[in-house]
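Let me begin by presenting the structure, written as structure tokens, before commenting on it.
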Amino acid sequence: MEQKEIAKIPEIILKEIIREASSEEIAVLHKWMEQSAENRKLYKKLRRKDNLAFIRREYNSIDSISAWEKLVKKTGRGLSAGRKQFILKTLKYAAVLVAPLAIAIYFHKQQAETSFSPETFTELNKQLSELKEPSLVLANGEIVNLQKKQQEAIVEIDGTNIAKVDSTLLYKSRNSEERKTIQYNSLVAPKRKVYRVVLSDGTRVWLNASSAIKYPTRFISGIRQVFLTGEAYFEVAKDAARPFIVSTSNMEIEVLGTSFNVMAYPDEKYVETTLVSGEVKIKTAQSGITLNPGMQAKLNVETEKLSQAEANIRQITSWRLEKYIFEYEDLESVISKLSEWYDVKVIYENKGKKPTHFSGTLHKYDDIQETLHVIELATDVKFTFRGDTLWVK
Amino acid sequence: MKGNDLIIQLNNGDRRAFKQVFDTYYKPICLFIRKYLSDPDQSEDLAQDIFLGIWEKKLQFSSIPALRAFLYQAARNKAINIIEHEKVKKDYQNKATPDCFTEDFFHTNYIENETGRLIQKILEGLSPRAREIIYMQLEGLKNQEIADKLKISVFTVKNHKATVYKQVKENFQKIIILIESIIFYCQNL
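So this is what it looks like as structure tokens:
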């Protein structure tokens with residue numbers, strides 16, 4: 208049974224109660240009921256008289272008025288404060304010029320999203336924190352769990368076909384019935400999951416764990432722009448007429464066709480772009496540089512200082528191979544990467560000890576105990592687990 | 003406010019729109035979380051967190067279904083987080099069974115709550131007598147049986163029913179604005 212049918216069940220049950228359900232809807236309801244004894248039980252329960260009384264009692268047991276008051280208190284600035292001056296202005300016009308215009312303004316606002324837009328990153332970070340499985344967020348907000356076995360291709364409302372092969376999404380752009388509006392999708396890779404997507408122009412993107420990317424289902428205008436929070440590796444398809452732009456909340460990377468790695472985790476001090484081949488232009492609020500292959504641009508988020516240095520490409524892009532490659536890396540940095548991947552808290556028992564370094568290749572899918580054992584063997588640190596906290600000595 | 007306008011206003015940070023969303027979904031989301039957690043206060047706190055998040059983080063939604071999908075998905079994730087977190091404690095007493103992590107549980111819980119929400123919305127505007135007639139109708143009683151129970155004539159039952167259904171349909175039209183009936187598709191709800 209399709210998800211969208213399941214989603215409609217509550218409404219169909221209600222319509223059936225008030226005799227407003229169509230025969231198609233009744234058919235869907237029956238299909239759902241035939242699926243399991245559980246479903247039939249639920250249906251019977253929902254239609255029982257005592258259940259109706261029960262629902263009323265449950266609803267009455269919740270005091271939503273004081274909950275609302277609590278909520279208002281929790282919002283620091285109070286709910287009455289408007290968000291932005293210009294939005295208020297827009298609203299004023301919208302109120303005067305009736306709803307259709309308001310809708311037009313809204314959609315215009317959506318389409319005009321071609322540069323830095325803080326909301327985009329708020330939205331991506333929110334999706335990242337809420338979704339625990341690799342997920343695709345469609346233009347209408349529908350969330351597709353990519354972890355589940357999906358037999359059929361996903362079709363976007365604009366007709367774009369999205370195929371799923373292993374851990375890769377493939378966008379096939381259909382030139383017929385071309386639409387002018389841009390539909391955005393977001394791909395979310397949660398902790399410990401790397402995902403790949405091939406965009407409609409053939410650009411390949413490896414999305415690292417704890418990262419999310421938002422992109423149009425097809426590229427229409429003069430630029431190809433995507434939005435990234437977290438880390439991703441790009442192999443951009445050549446298209447001299449349409450530059451490819453990766454926007455992060457602090458850095459914009461513009462390319463014509465090349466391979467590079469972008470690391471822009473929201474909680475990191477630095478945003479880094481490392482160029483593997485080709486040429487990229489980096490822009491930040493303050494400055495801009497052009498990178499050559501093998502070089503890394505590093506932006507200090509606090510000071511907004513942009514610098515470049517030679518980079519260890521193999522090490523930086525190793526996450527794509529689902530391996531960690533460390534070359535004389537500070538142990539704290541090693542442990543911090545591992546703790547992010549395995550999702551454990553870390554406490555250092557004797558801080559301020561002289562720094563230790565670690566070199567070696569660790570496989571990401573090994574048990575953390577095994578991984579830690581390798582490090583224990585190679586260095587003089589000891590690891591102990593207390594609950595889900597890792598103690599380092 | 004109608005569905006589309008409501009979303010536009012909500013996205014723009016309009017307090018009234020936010021209040022309307024809260025009024026519509028706060029109770030259902032509380033009840034939904036209660037299926038995961040045994041503590042009603044904790045369920046309410048989680049529900050408040052979700053609404054607070056929408057406001058404070060200025061979340062943008064493309065449609066009512068997207069908003070609803072987000073609410074239920076967030077409620078589930080937050081509840082499961084609590085369950086996982088509390089597993090570590092010894093005095094762990096939640097209802098959590100392995101079941102509650104499954105999609106099936108989520109769907110069942112979703113259907114039960116959303117249906118409950120719609121029914122509640124329909125019923126709240128009816129008179130006690132009208133409600134009584136709907137209940138009996140649902141139990142499958144014939145007009146004659148209803149007449150006998152209420153000690154009124156079959157003719158009066160029919161009249162009552164006509165009025166009740168008219169009222170219900172009017173209510174339905176009002177709430178359908180917040181259902182966006184025809185297309186509500188969401189993979190994970």
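Just so you know, the protein sequences line up as chains F and A, in that order. Take 208 as the starting number for the first sequence in our numbering and just add one per residue. Take 3 as the starting number for the second sequence in our numbering and just add one per residue. Backbone N, C-alpha and C define an ideal beta-carbon position, used for all residues, glycine too.
Give a yes or no on whether the C-beta atoms belonging to residue i and residue j are separated by under 8 angstroms.
i	j	result
Val204 (chain A)	Ala132 (chain A)	Any property of residue 204 (chain A) remains undetermined from this structure, which presents chain A solely from 3 to 191.
Lys80 (chain A)	Leu33 (chain A)	no
Lys333 (chain F)	Leu128 (chain A)	no
Glu147 (chain A)	Leu253 (chain F)	no
Leu463 (chain F)	Asn392 (chain F)	no
Thr465 (chain F)	Ile520 (chain F)	no
Leu54 (chain A)	Ile84 (chain A)	no
Ala439 (chain F)	Asn457 (chain F)	no
Phe565 (chain F)	Leu538 (chain F)	yes
Val395 (chain F)	Pro473 (chain F)	no
Ile361 (chain F)	Leu377 (chain F)	no
Glu529 (chain F)	Val401 (chain F)	yes
Glu459 (chain F)	Ile452 (chain F)	yes
Glu232 (chain F)	Ile219 (chain F)	yes
Ile542 (chain F)	Thr568 (chain F)	no
Leu435 (chain F)	Val469 (chain F)	yes
Name the DSSP beta bridge partners of residue i, please?
i	result
Tyr28 (chain A)	Beta-bridge pairing links Tyr28 (chain A) to no other residue.
Gln432 (chain F)	F:Ile452
Asn14 (chain A)	DSSP, once it has assigned bridges, lists no residue as partnering Asn14 (chain A).
Thr327 (chain F)	For Thr327 (chain F), which the question treats as bridged, DSSP gives no partner whatsoever.
Ala370 (chain F)	F:Leu377
Gly495 (chain F)	F:Lys490
Ile216 (chain F)	According to DSSP, Ile216 (chain F) bridges with nothing at all.
Gly437 (chain F)	F:Ala471
Leu236 (chain F)	Leu236 (chain F) pairs with nothing; no bridge assigned.
Met458 (chain F)	F:Thr491
Ile361 (chain F)	F:Ile369
Arg403 (chain F)	F:Thr375 and F:Trp413
Lys552 (chain F)	F:Thr596
Leu343 (chain F)	F:Val351 and F:Leu394
Glu442 (chain F)	F:Arg411 and F:Ser466
Check the Cβ-Cβ distances between residue i and every residue of chain F, and say whether any is below 8 angstroms.
i	result
Tyr137 (chain A)	yes
Glu172 (chain A)	no
Ala68 (chain A)	yes
Gln50 (chain A)	yes
Asp25 (chain A)	yes
Ser64 (chain A)	yes
Asn145 (chain A)	no
Ile113 (chain A)	yes
Glu88 (chain A)	no
Tyr38 (chain A)	no
Lys168 (chain A)	no
Phe53 (chain A)	yes
Lys151 (chain A)	no
Lys92 (chain A)	Any reading at Lys92 (chain A) needs caution, since the residue's pLDDT is 49, under 50, leaving its predicted position unreliable; the model's value is listed next. For Lys92 (chain A), the answer is no, since every Cβ of chain F falls outside 8 angstroms of its Cβ.
Ala77 (chain A)	no
Cys188 (chain A)	Note that Cys188 (chain A) scores 29 on pLDDT, short of 50, meaning its location in the model is unreliable; the coordinates nonetheless yield the value given after this. Taking Cβ atoms only, chain F reaches closer than 8 angstroms to Cys188 (chain A), which makes this a yes.
Consider the Cβ of residue i: report whether some Cβ of chain A lies at a distance smaller than 8 angstroms.
i	result
Pro423 (chain F)	no
Tyr555 (chain F)	no
Gly348 (chain F)	yes
Tyr300 (chain F)	Confidence at Tyr300 (chain F) is low in this model, with a pLDDT of 38, below 50, so the placement of that residue should be treated as unreliable; the coordinate-derived value is given next. No, because no Cβ of chain A sits closer than 8 angstroms to the Cβ of Tyr300 (chain F).
Arg264 (chain F)	no
Ala492 (chain F)	no
Ala419 (chain F)	no
Ser322 (chain F)	Caution is warranted here: a pLDDT of 46 is assigned to Ser322 (chain F), below 50, making its placement in the model unreliable, and the coordinate value is therefore given only provisionally. It does not: the Cβ of Ser322 (chain F) has no partner Cβ on chain A nearer than 8 angstroms.
Ile452 (chain F)	no
Glu245 (chain F)	yes
Ile213 (chain F)	yes
From what residue to what residue does the beta strand (DSSP E) around residue i run?
i	result
Thr110 (chain A)	Premise fails: Thr110 (chain A) lies in the alpha helix (DSSP H), Glu105 to Leu125, not in any beta strand (DSSP E).
Leu414 (chain F)	Arg411 to Leu414
Ile350 (chain F)	Ile350 to Asn352
Gln503 (chain F)	Met502 to Asn507
Lys530 (chain F)	Lys530 to Asp537
Gln515 (chain F)	Leu513 to Glu517
Met138 (chain A)	Looking at the DSSP string, Met138 (chain A) is not in any beta strand (DSSP E); the run it does join, the alpha helix (DSSP H), is Pro130 to Leu140.
Tyr477 (chain F)	Tyr477 to Ser484
Ala604 (chain F)	This structure does not reach residue 604 (chain F), given that chain F is present from 208 up to 600, and the question cannot be answered.
Between which two residues does the alpha helix (DSSP H) carrying residue i extend?
i	result
Ile420 (chain F)	Premise fails: Ile420 (chain F) lies in the beta strand (DSSP E), Ser418 to Pro423, not in any alpha helix (DSSP H).
Arg521 (chain F)	Ile520 to Ile523
Tyr250 (chain F)	Ala244 to Arg254
Runs of alpha helix (DSSP H) wholly within the segment 555-597 of chain F (minimum 4 residues, chain order): 575-585
The segment 252-263 of chain F: positions lying closer than 7 angstroms to chain B by Cβ: Considering every chain present, this structure includes no chain B. Its protein chains are F and A.
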